[in-house]
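The structure appears below as structure tokens.
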Amino acid sequence: MTMDPLAPLLKLADVESAVNGARAAVDGAYKHRALRRQGGAVAAEISLRCAVASAALEGHRYELSDVRGGTVLDAVLQGALRVAEALPTLHQHWHGAPRQVLAKLHLLAGTGVLPDATLGKPTADSAARLDTLLEIVSAQAGSPLVRAAVVHGELLAIEPFPGVNGIVARAAARLTLVGSGFDPRGLVAVELAHLAREPEYIGAAGAFATGTPDGLRSWLRHYATAVEQGCTEIAVVGDAVLSAVG
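Count the sequence shown with UniProt numbering and you get residues 1 to 246, in order.
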């Protein structure tokens, strides 16, 4: 049996209950009746909204209607859209070849933003911590939500992919939730919840980077709450899709 190096994180105060609450929220949200016949349309709309939110968290904010209309040519926003489009395929390779997937994410997110020669190449000073993180990804042990939170927080902390690192980090966390089966259809709009609580998102990520028990707890609780709140978008989008099809 593979040992879970992240198991002690569940022992931090209130973390396990937050994780369980998020799990229950996902299970409940997946029962929405729109997912029976219109699941593809719901997933596509949530993917678009999450891409727009991820770009906004990088400081590139645009109205969803403008993005949907194809009038926004901002390179960071376009990179976030390319990443979102690729996730349904990349999740199949995430646990088996995480380094290659991260390189692909950086290429997709950074094209038009960064010099071509830098795309897909993590910084040298992040190598040791990145290696450790990728071992955790490949092991697939323990709570998928805790693992996704650590992937997200650690990539933000070590910043191995300059320029669009946040987009890569959020995509990697989403791949962890999808690939583990926690959110198999990629419906949980975690990015929207991060954006709605952006000051807390930034503060909790900074706390995680300290490596202290309180810092780790702060980030894990934020992440679990973001997953729980991200589930509400399934009903919002699902209801809109059902209304549109009559």
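In this text, a Cβ means the ideal position worked out from N, Cα and C, and glycines have one as well.
| Asked | Found |
| --- | --- |
| Any heavy atom of the ligand MG closer than 6 Å to the beta-carbon of G179? | Judged by which ligands are present, the structure shown has none, so any question about the ligand MG falls away. |
| Shortest alpha-carbon distance to A226 belongs to which of V241, L242, G211 and V188? | V188 |
| Could you check the C-alpha separation between G186 and L177 for me, to the nearest Å? | 8 Å |
| Near G230, which residues of its chain fall below 8 Å by C-beta distance, leaving aside the five closest residues on each side in sequence? | V188, A189, V190, E191, L192 and A193 |
| If we call anything under 7 Å between Cβ atoms a contact, is V42 one with V237? | yes |
| Classify D27: buried if its beta carbon has 16 or more other beta carbons within 10 angstroms, exposed otherwise. | exposed |
| In this structure, what does DSSP give as the bridge partners for L87? | According to DSSP, which records beta bridges pairwise, L87 is partnered with nothing at all. |
| Residues in its own chain within less than 8 Å of H93 by CB, not counting five upstream and five downstream? | Q100 and V101 |
| Quick check on this structure: which residue in A13, A34 and A24 has the alpha carbon closest to the alpha carbon of A244? | A34 |
| In terms of alpha-carbon separation, which member of Y223, V168, T71 and S218 lies closest to E58? | V168 |
| Please report the residue range of the alpha helix (DSSP H) in which L119 lies. | Element bounds for L119: n/a, residue is neither H nor E. |
| Which runs of the alpha helix (DSSP H), 4 residues or longer, sit entirely within the region 139–164? | 144–158 |
| Start and end of the alpha helix (DSSP H) containing P213? | P213 to G230 |
| Under the three-state reduction of DSSP, which class applies to T132: helix, strand or coil? | helix |
| Spatial neighbours of A7 within its chain, please: CB distance less than 7 Å, with the 5 preceding and 5 following residues excluded, ordered by chain position. | G142 |
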